[in-house]
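In this text, residue positions in the sequence shown follow the working numbering: the first is 103, and each later residue adds one.
Virtual Cβ for every residue (Gly too), placed ideally from N, Cα, C.
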Amino acid sequence: IAIVPGKRTTVESVNLEFSGRITRPEYAQRVQKLRDDWSLRKGQPFINGDWNRAKATLLDDVSTRDFLLARMTSSRADIDADNAAAHLHVTIDSGPQVRMGELNTQGLKRVPETLIDRYVRYNVGAAFDQNRLDQWQQDLQSTAFFRGAFVSLQEPPSQNDQPTDPISDRARGPGSEDAAAAAPAGDPTVSGGMPPPPAQFDSDGEITLPVQVRVVEAPPKRFSASIGVDDEAGVRVESVYRQNVVFGQPVTMETGFGVDRLRQRAFMDILLPPSERGYRDSVGILADRSDIQGLEVTRYALGATRTQERKGAGDSRVEYETRYGVLLAQDHVKIDGGDSYTLPTITTTAEWLRRDVDNKYDPREGNLISVGGGVGVTLDTGEPYTRLRLRGQKWWPIGKWDVLTVRGEVGRVWSNGDVQVPDDFGFRTGGARSIRGYRYQSIGVHRDNAVVGAPTLLVGSIEYDHYFDERWGMGVFVDAGDAAESFGDMKMSVGYGVGARVRTPAGPLFLDVAYGQRERDLRLHFSLGIAF
Numbered sequence: 103i104a105i106v107p108g109k110r111t112t113v114e115s116v117n118l119e120f121s122g123r124i125t126r127p128e129y130a131q132r133v134q135k136l137r138d139d140w141s142l143r144k145g146q147p148f149i150n151g152d153w154n155r156a157k158a159t160l161l162d163d164v165s166t167r168d169f170l171l172a173r174m175t176s177s178r179a180d181i182d183a184d185n186a187a188a189h190l191h192v193t194i195d196s197g198p199q200v201r202m203g204e205l206n207t208q209g210l211k212r213v214p215e216t217l218i219d220r221y222v223r224y225n226v227g228a229a230f231d232q233n234r235l236d237q238w239q240q241d242l243q244s245t246a247f248f249r250g251a252f253v254s255l256q257e258p259p260s261q262n263d264q265p266t267d268p269i270s271d272r273a274r275g276p277g278s279e280d281a282a283a284a285a286p287a288g289d290p291t292v293s294g295g296m297p298p299p300p301a302q303f304d305s306d307g308e309i310t311l312p313v314q315v316r317v318v319e320a321p322p323k324r325f326s327a328s329i330g331v332d333d334e335a336g337v338r339v340e341s342v343y344r345q346n347v348v349f350g351q352p353v354t355m356e357t358g359f360g361v362d363r364l365r366q367r368a369f370m371d372i373l374l375p376p377s378e379r380g381y382r383d384s385v386g387i388l389a390d391r392s393d394i395q396g397l398e399v400t401r402y403a404l405g406a407t408r409t410q411e412r413k414g415a416g417d418s419r420v421e422y423e424t425r426y427g428v429l430l431a432q433d434h435v436k437i438d439g440g441d442s443y444t445l446p447t448i449t450t451t452a453e454w455l456r457r458d459v460d461n462k463y464d465p466r467e468g469n470l471i472s473v474g475g476g477v478g479v480t481l482d483t484g485e486p487y488t489r490l491r492l493r494g495q496k497w498w499p500i501g502k503w504d505v506l507t508v509r510g511e512v513g514r515v516w517s518n519g520d521v522q523v524p525d526d527f528g529f530r531t532g533g534a535r536s537i538r539g540y541r542y543q544s545i546g547v548h549r550d551n552a553v554v555g556a557p558t559l560l561v562g563s564i565e566y567d568h569y570f571d572e573r574w575g576m577g578v579f580v581d582a583g584d585a586a587e588s589f590g591d592m593k594m595s596v597g598y599g600v601g602a603r604v605r606t607p608a609g610p611l612f613l614d615v616a617y618g619q620r621e622r623d624l625r626l627h628f629s630l631g632i633a634f
């Protein structure tokens, strides 16, 4: 058997026709853009897959805004075998303009309907926009109250006026090549095909369809516990209880505790549902005790935070995070071999982070930048204090699997004279995620037998990780830095070493052996996730 392929068929002409409401003058620019965006152009090879994708994209572009009931009424590719030419013809009937009607909600049991109203906001009669429905669905799914959420428009009533089911996500989903209910015969790969409008609706008119929200509530209560091991803190035990809907209100309560050798804490937070702009607000109380490097701090605090995550414009992979907080705290501080005192403070903080990486949990290429600051005042003496901190990290891919990364951190605290500032406002460093080769937070200002927070911080690191395959690897690194009374007083603590690397779904696992040059000692460190 011999097969002679012959001359390759190319597109000779494209004829796109439209009917229905979209032919009105107010949509002329949109129709022109649809023609301009047609992907299978004259001169390109005629490939059946490209032909089907072009039609699917065209119908999706029409039906995702204003014209949900758009359908393809004609689709034909005339092949001139003698000249290896394809003449393409497509006709789209936009149907009537679709407007959004009343809101109907199904599936609520414990969650109040006011939570749905918090996200699904529109004026009855507003023009249909699939992007808005998708955003509402994403917002509902991002809360802790639902395992699933589906937002769609209800199908128009049939001629006998019997109610019908909502238009399914499968039927309207972009690119769903098996959902061509209204596609011409023999053309099953047209996506988004809708049932044709009932005869009583004018294709050149308008139709209002109810917005249908269907939800599946998440379990109202959840309890979790975990146990882990840290190279400095030893065995760590944590437990969290979470409850959705508190006293009939759409809020989440989280309470729990964590215990290890260095720190013990208990907390309770009330988390409000995300706002329409993506803000996540919470208020909480905290009891915390830590004993690290001779500095024992017992804190009782009341605080509130607001966080927001958003993506860059368009298809950018850049992500931004902002965090604002206010904390009213009472600290009882005991310095080993020195003073004990009580420190009441109120502190406001803000942090901005920009993330541009190829993988959030295990990056090989990209960068992270974070700027944080805070202002506070001691409530007993009225003395103010301020802090500024800048962090950054950069990754470069080397070869097929290897990675080179550098990170840096600089910080400064301003206060008057000997004013005491909260422990977490000063700077201490050392340990697995900062300067390896030294004990956790062992680098700072020495006071009696303790290490306390310093007014200045400077840390830098460079690391090269070589992977033998997609999972297993090894790394070499050099860390250096100090936390001191001033930048001029700094004496760099240098640590360097080697370690094993294991890629996991939660990020890379590091097992490092590092030599601390200042202490002239080897230390073992292990951590999970990136150091930033």
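Residue i (DSSP reduced to helix, strand or coil)
i	result
Val-133	helix
Asn-154	helix
Gly-420	Looking at the sequence itself, residue 420 is Val, so the reference to Gly does not match. Note: Val-420 maps to coil in three-state DSSP.
Asn-346	strand
Gln-619	coil
Gly-590	helix
Pro-321	coil
Gln-410	strand
Arg-466	coil
Val-222	coil
Trp-498	strand
Asn-461	coil
Glu-119	strand
Leu-171	coil
Asp-241	helix
Asp-362	coil
Glu-378	coil
Leu-430	strand
Thr-166	coil
Pro-446	strand
Asn-233	helix
Ile-181	strand
Pro-127	helix
Asp-441	coil
Counted within 10 angstroms of its Cβ, other Cβ atoms place residue i as buried (16 or more) or exposed
i	result
Ala-608	exposed
Gln-131	exposed
Ile-105	exposed
Pro-107	exposed
Ser-588	exposed
Tyr-443	exposed
Arg-603	buried
Arg-530	buried
Asn-154	buried
Gly-577	buried
Asn-262	A caution first: Asn-262 carries a pLDDT of 47, below 50, which makes its placement in the model unreliable, though a value can still be read off. Burial call: exposed.
Ala-585	buried
Ser-328	exposed
Integer Cβ distance of residue i from residue j, believed to fall under 8 Å
i	j	result
Thr-450	Val-477	6 Å
Ala-229	Asp-168	5 Å
Asp-581	Arg-514	Asp-581 to Arg-514, Cβ: 20 Å. No contact.
Val-339	Val-361	5 Å
Thr-159	Ser-176	That pair is no contact at about 17 Å.
Met-202	Leu-161	That belief does not hold up - the Cβ atoms of Met-202 and Leu-161 are roughly 21 Å apart, past 8 Å.
Contacting residues, own chain, Cβ-Cβ under 7 Å from residue i (five flanking each side not counted)
i	result
Lys-496	Asn-469, Thr-507 and Val-508
Thr-357	Tyr-343, Phe-369 and Met-370
CB contact below 9 Å: residue i versus chain B
i	result
Pro-375	The displayed structure is made up of one protein chain only, and chain B is not part of it.
Proximity test, residue i beta-carbon vs the ligand ATP heavy atom, cut-off 8 Å
i	result
Ile-105	Among the components of this structure there are no ligands whatsoever, and the ligand ATP is therefore not found.
Neighbourhood of residue i by C-beta, 6 Å cutoff - its chain only, sequence neighbours within 5 removed
i	result
Arg-491	Gly-474 and Gly-513
Glu-511	Arg-493 and Val-561
Asp-390	Arg-367 and Arg-401
Asp-458	Val-420, Gly-468 and Asn-469
Thr-354	Ala-246, Asn-346 and Leu-373
Pro-465	Val-459 and Trp-497
Glu-572	none
8 Å Cβ shell around residue i - same chain, five flanking residues per side excluded
i	result
Leu-630	Thr-606, Ala-608, Gly-609, Pro-610, Leu-611 and Phe-612
message = I want to know whether the stretch 410-421 touches the stretch 501-517 - three or more CB-CB distances under 8 Å.
response = no
query = Can at least three beta-carbon pairs, one atom from the stretch 334-341 and one from the stretch 312-319, be found at a separation below 8 Å?
reply = no
request  = Mind the definition here: the stretch 123-132 touches the stretch 191-211 only if three or more C-beta pairs lie below 8 Å; say whether that holds.
outcome  = yes
task = Report yes or no: do three or more beta-carbon pairs, one from the stretch 395-408 and one from the stretch 557-575, lie closer than 8 Å?
result = no
query = With contact counted as at least three CB pairs below 8 Å, one residue from each stretch, are the stretch 232-240 and the stretch 343-357 in contact?
reply = no
message = Under 8 Å: do the stretch 146-155 and the stretch 209-220 share three or more Cβ pairs, one atom per stretch?
response = no
key: Stretch pair the stretch 617-628 + the stretch 587-599: three plus CB contacts closer than 8 Å   = yes
query = How about the stretch 386-395 and the stretch 537-554: do they share at least three Cβ pairs that are nearer than 8 Å?
reply = They touch, by the three-pair rule.
task = Determine, using beta-carbon pairs with one atom in the stretch 111-119 and one in the stretch 183-191, whether at least three such pairs fall under 8 Å.
result = yes
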